[in-house]
Each structure stands twice: as C-alpha cells, then as structure tokens.
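Note that the sequence shown covers residues 9 to 402 in the working numbering.
Even glycine gets a Cβ: it sits at the ideal position worked out from N, Cα and C.
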Amino acid sequence: MNHKPCDLPWTHLYYHTDGNVYPCPLLVGNRDYKLGSNENTIDELWNNSILKKLRIELLSGAPPKECINKCYKHFNACHDIYTDALRQDAERQRGITSKDGRCEPNHTLWYVLESNKCNLKCVYCSPGCSSSHAGYVKKALPVDYTRIYDVNKNVVEIWFSSGEPILQPSTYSILKDLIAKDKVDVKIRLITNLTNTHYRGETPYTLLEQFTDVKVFGSWDADGIQGENIRVNSNSDTIKNNIKFIKRHNIDFYLVSVMSILNIEDYPDFHKRLYSEGLIKKDQVRYFNLTHPEHFRYSILPLKIKERIKVKLLEYKNWLSDSTDTYPNNCHPCKAIDKIINCMMTGEGGHLGFSEENNTMWYMEFLKWKKLKQHNSHIKEKSLVDIAPDLSYP
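The structure is reproduced here in structure tokens:
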C-alpha cells in the first residue's frame, strides 16, 4: 500500500488537555506515543525517543500499524489540509533528518488547544474537549505557553481550536503578539462553535482582519430544535447572527459540519436553507466524518434507510455540481459527498470495524440512546425526538 508522507513529526507537537503531548491528535491517549507532558521543554519533546523512532519508520516507508489503522488507511487528513509551504518545509526537514531520527526543532505548525473550556455540551463530545462535559477546565498548554512557538523564526501556520477558542485568553494574546512583531503573514485558522463573538469585551475578529491569510471555520451540524439538541446550549438564531457578524469583517468563512447518524438525512436541506438565506455558499462547507462514539456513525444504519438517504445525497450532489472548487486538497464538494456515500455503504473512510453484526449492535445502541434522551430531555419544551426524527426501526 502506498502512503502519502506524514508531515506532523517534522513540523508539529500536539498538546492535549490530559496534560500530555503527542505526535498527532489521532494518537491521543495511546501510551506508546506519549512524548511527555506540557511541562517538558521543546527540545525534550522534539527529539524524544518515541518521535525519533516514528520518523525513522515513516522515512523507511513502513509506518506503524497505529498510523495505518487510524490515519493512512482511511484519512490522510493532515496531508489534505496542509498548505504547500508547510508540505515543502516538512520535505526539507525530512531531507536533513539524521539516521537516528533526530532533527532540529521546527514548530512551523501550531495547533493551539489551550484548554477544554467550552460553553456547549455536544452529545458526541467528551470531557477532554469540553468543560461542560468534564465539569471543570482542563489545561493543555503550560502557563508559559509562549515558549512553544517562536514568532520570529519558525511558525508558518496556527490553528486555534477547542474547547472554544473565542473563550480562550491565548487566542487574543497570541494574535496580539504576532501583530506586535509584524508577523501578520502567519496563516491563521480558527475553529469556533459560533455561539460567541466576544470575550471580556474583546472580539478576535478585529485582530484577525489584520492578517493576510485567515480562515474561520464555524462548527454547526443542523438548525432549529434538531441542531440545538445535538449541540446542547446552542441557539440557531444566535449562530446565524454571529455568521453575519463574522462575514462583515471580510474574513473567509466556512461551515464545518460533523456528519453523523444525527444529521446525515437532513443535512442537504439544512445546507440549502442556509444558502437561501445568504449565509453559506455552496462551496463554503467542509464535512467532518464522525467516527466515535460508534453508535453515532451513519454507516450503522439499516440498508433500507441507507438507500433512502443515498438518493437524497445524490440529489444534493447534483445541487452542488455548479459550486466552485475551493478545497485545499482539490476535493470538490461533489467528491466529498461521494466519500460520504461510500463510507455509509462500506465503512471506508474512517468507520473501522464495519460489519453487519457490529452495525446492528451499534444501531440498537443508538435507538436505546435516543429513547432514553427523549424521556430525560433537560431542554425545556424540546424533545430529543427532534434528533434524526426519521430514524427508527426499519
């Protein structure tokens, strides 16, 4: 099997809210790939024996099974979103890596996860990503997080991510520091749940306007009661107003939707509604394939329901056919829909363990979850029957 080269071990360290540092997000929680803690120095983490071994394996063309199973076989996701500049830098770093896997610290990509502080309690989320699930805030970055990156030397691209970066002080301090050092050419990517535009009287969008290459990704899966019961504590009207606020700042905006059993059948109509209201263009959507928890995967649906949804997705694909291709990996939205359909029918594209037996078991778990939530909804005057209302026993 031929694999695209993974760039992360040469450009990135992933700080997680469990207090540990890993080579990439997909390896979080794997003790064999824990490089150290957020109290270790960059030098200690960068040439940790685990990371050096991983570089050697990747250079030899024999990636470990963890990479094959969790990334190479189904995703290559990081390769798809990497800019040409980052890929070229990673290639340069690979060329000067020593035989033992050592290379100079080169933190060109920084994925900022300050903590799990978040105001939403999305049903598919977890304590590591949301303080609303954990009941308390879990820090990922050390107190002196500025030592992680060197704005005068290496950093090329920064992603601000969960919990909710609009509510994280590091978002503002890092942006201000970059502006003060005239590093406005650093590529900025921010992922927000769209429920807030301000924090302590400040908005990051006036800061973002000063950078030359900015993209904001808004996470939203469905509107109305259905969406508010997926992303608990959200409000559809507020989200729509916040999208308008972001677009007034002349910032490239994209919707990022988590595709799951909770929204896959209704998603085409959701996108069309936003399009008709002038909130989202046809090519301003990115689809994130939910893989866990398994009982929220759309591939677990009975075949009869899958066939019904497939018809609707193909009609949606036809509607998207005249959209502009703005994907960084040259993946037109129509190709993205083809991948979703293929994953739904075969499990390929991230749904490991796909089988008729497993799918039946997980679908029954989904129905149990839905029935339980319907009877124990904590959202006043709203019933979780409005999540995936058409999904039931075939």
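- Query: Hey, out of Tyr283, Tyr371 and Ile254, whose CA is closest to Ser331's CA?
  - Reply: Here residue 331 refers to the residue found at position 323 of the sequence shown. For the residues Tyr283, Tyr371 and Ile254, the minimum Cα distance to Ser331 belongs to Tyr283.
- Can the beta-carbon of Thr116 be found closer than 9 angstroms to that of Leu67? Counting from 1 along the sequence shown, the entry for residue 116 is found at position 108. Counting from 1 along the sequence shown, the entry for residue 67 is found at position 59. Their beta carbons are not under 9 angstroms apart, which means Thr116 does not touch Leu67 by this criterion.
- Where does Trp228 sit, in a helix, a strand or coil, going by DSSP? In the sequence shown, the residue the question calls residue 228 occupies position 220. Coil at Trp228, not helix or strand.
- Decide if Tyr262 is buried, meaning its Cβ has at least 16 other Cβ atoms within 10 Å, or exposed. As a working mapping, residue 262 is identified with position 254 in the sequence shown. With 16 or more other Cβ atoms within 10 Å, it is buried.
- Query: Can you give the beta carbon distance from His303 to Glu373, rounded, assuming they're within the 8 angstroms contact cut?
  - Reply: By 1-based counting over the sequence shown, the position of residue 303 is 295. By 1-based counting over the sequence shown, the position of residue 373 is 365. Sure, about 4 angstroms apart at Cβ, within 8 angstroms.
- Item | Nonlocal neighbours in the same chain, by C-beta distance under 7 angstroms from Ala148, ignoring five residues either side | The count along the sequence shown starts at 1 and reaches residue 148 at position 140. Cβ within range, chain order: Tyr23, His24, Thr25, Asn46, Leu121, Glu122 and Ser123.
- Bridge partners of Cys133, per DSSP? Position 125 of the sequence shown, counted from the start, is the residue given in the question as residue 133. DSSP output for Cys133 lists no bridge partner at all.
- Query: For Leu128 versus Ser242, is the C-beta distance shorter than 9 angstroms?
  - Reply: Taking the first residue of the sequence shown as 1, we reach residue 128 at position 120. Taking the first residue of the sequence shown as 1, we reach residue 242 at position 234. Yes.
- Nonlocal neighbours in the same chain, by C-beta distance under 8 angstroms from Asn38, ignoring five residues either side: For the purposes of this step, residue 38 is taken as residue 30 along the sequence shown, with counting starting at 1. Same-chain partners within the cutoff: Tyr30 and Glu74.
- Task: Tell me the start and end of each unbroken alpha helix (DSSP H) in the region 312-354 that is at least 4 residues and wholly inside, in chain order.
- Result: 341-354
- Within 10 angstroms of its Cβ, does Met9 collect 16 or more other Cβ (buried), or is it exposed? Counted from its first residue, the sequence shown places residue 9 at position 1. At Met9 the pLDDT is 47, less than 50, meaning the model places this residue with poor confidence; the figure from the coordinates comes in the next sentence. Counting other Cβ atoms within 10 Å of its Cβ, Met9 stays below 16 and is therefore classed as exposed.
- Residues of its chain near Leu35, where Cβ-Cβ distance is below 6 angstroms and the 5 sequence neighbours each way are ignored: Within the sequence shown, numbered from 1, the residue matching residue 35 stands at position 27. Correct list, in chain order: Tyr41.
- Message: Our contact map puts Phe225 next to Val264 with C-beta atoms below 8 angstroms; I'd like the distance itself, whole angstroms only.
- Response: As a position in the sequence shown, residue 225 is number 217, starting the count at 1. As a position in the sequence shown, residue 264 is number 256, starting the count at 1. That belief holds up - the Cβ atoms of Phe225 and Val264 are roughly 4 angstroms apart, short of 8 angstroms.
- Task: Grab me the residues of Ser138's own chain with a C-beta within less than 8 angstroms of its C-beta, minus the 5 sequence neighbours each way, in chain order.
- Result: Locating residue 138 in the sequence shown gives position 130, where the first residue counts as 1. Close CB contacts of Ser138 within its chain, under the 8 angstroms cut and outside five residues either way in sequence, are with Asn124, Cys126, Leu128, Lys129, Cys130, Ser170 and Gly171 (chain order).
- Which residue's Cα is closest to the Cα of Asn28: Leu270, Thr354 and Asn48? Position 20 of the sequence shown, counted from the first residue, corresponds to residue 28. Comparing Cα positions, the closest option is Asn48.
- Item | Residue range of the beta strand (DSSP E) that includes Glu165 | Taking the sequence shown and counting its residues from 1, one reaches residue 165 at position 157. Taken as a continuous stretch (DSSP letters only), the beta strand (DSSP E) holding Glu165 covers Glu165 to Phe168.
- Going by beta carbon distance, what residues of the same chain come within less than 6 angstroms of Leu321, once the five residues before and after it are set aside? Sequence index remark: in the sequence shown, residue 321 carries index 313 (1-based). Around Leu321: Ile345 and Ile349.
- Message: Can you find the residues in the same chain that come closer than 6 angstroms, C-beta to C-beta, to His20, ignoring five residues on each side of it along the sequence?
- Response: Working through the sequence shown from its first residue, we reach residue 20 at position 12. Closer than 6 angstroms at the Cβ level, and outside the excluded window around His20, lie Leu117.
- Please state whether DSSP places Tyr144 in a helix, a strand or coil. As a first step, residue 144 is located in the sequence shown; it is residue number 136 there, counting from the start. Tyr144: coil per DSSP, three-state reduction.
- Determine the direct distance from the alpha carbon of Val194 to that of Ile64, and round the result to whole angstroms. Taking the first residue of the sequence shown as position 1, residue 64 is located at position 56. Taking the first residue of the sequence shown as position 1, residue 194 is located at position 186. Roughly 30 angstroms separates the two Cα atoms.
- Query: From which residue to which residue does the alpha helix (DSSP H) around Tyr180 run?
  - Reply: Counting from 1 along the sequence shown, the entry for residue 180 is found at position 172. Per DSSP, Tyr180 belongs to the alpha helix (DSSP H) from Pro177 to Ala188.
- Message: Starting from Asn258, trace the alpha helix (DSSP H) in both directions and tell me its first and last residue.
- Response: Working through the sequence shown from its first residue, we reach residue 258 at position 250. It is not in any alpha helix (DSSP H) - Asn258 carries neither H nor E in the DSSP assignment.
- Between the Cα of Thr203 and the Cα atoms of Leu183, Ser178, Val240 and Lys189, which residue gives the shortest distance? On the sequence shown, position 195 is the one that residue 203 refers to. The shortest Cα separation from Thr203 among Leu183, Ser178, Val240 and Lys189 belongs to Val240.
- Query: Trp18: buried (16+ other C-beta within 10 angstroms of its C-beta) or exposed?
  - Reply: Translated into positions along the sequence shown, residue 18 becomes position 10. By the neighbour-count criterion, in which a residue is buried when 16 or more other Cβ atoms sit within 10 angstroms of its Cβ, Trp18 is buried.
- Whole-angstrom Cβ separation of Ile259 and Leu215, contact assumed at under 8 angstroms? The residue labelled residue 259 in the question sits at position 251 within the sequence shown. The residue labelled residue 215 in the question sits at position 207 within the sequence shown. That pair is no contact at about 11 angstroms.
- Out of His279, Leu94, Glu356 and Leu287, state which residue places its alpha-carbon closest to the alpha-carbon of Arg256. Looking up residue 256 in the sequence shown gives position 248. The shortest Cα separation from Arg256 among His279, Leu94, Glu356 and Leu287 belongs to Leu287.
- Message: If the criterion is Cβ atoms closer than 9 angstroms, does the pair Ile199 and Trp167 meet it?
- Response: Counted from its first residue, the sequence shown places residue 199 at position 191. Counted from its first residue, the sequence shown places residue 167 at position 159. The answer is yes: Cβ separation under 9 angstroms.
- What are the boundary residues of the alpha helix (DSSP H) that Ile196 is part of? By one-based count along the sequence shown, residue 196 stands at place 188. Element bounds for Ile196: not the alpha helix (DSSP H) but the beta strand (DSSP E), Lys195 to Thr200.
- Query: Pick from Leu94, Ile50, Ile313 and Tyr119: whose alpha carbon is nearest that of Cys14?
  - Reply: The residue labelled residue 14 in the question sits at position 6 within the sequence shown. Per the C-alpha coordinates, the member of Leu94, Ile50, Ile313 and Tyr119 positioned closest to Cys14 is Leu94.
- Query: Is Ser45 helix, strand or coil when you go by DSSP?
  - Reply: Position 37 of the sequence shown, counted from the first residue, corresponds to residue 45. Here Ser45 sits in strand by DSSP.
- Given a cut-off of 9 angstroms, decide if Asn55 and Cys111 are closer than it, judged by their beta-carbon atoms. Against the sequence shown, residue 111 aligns to sequence position 103. Against the sequence shown, residue 55 aligns to sequence position 47. Yes. Within cutoff.
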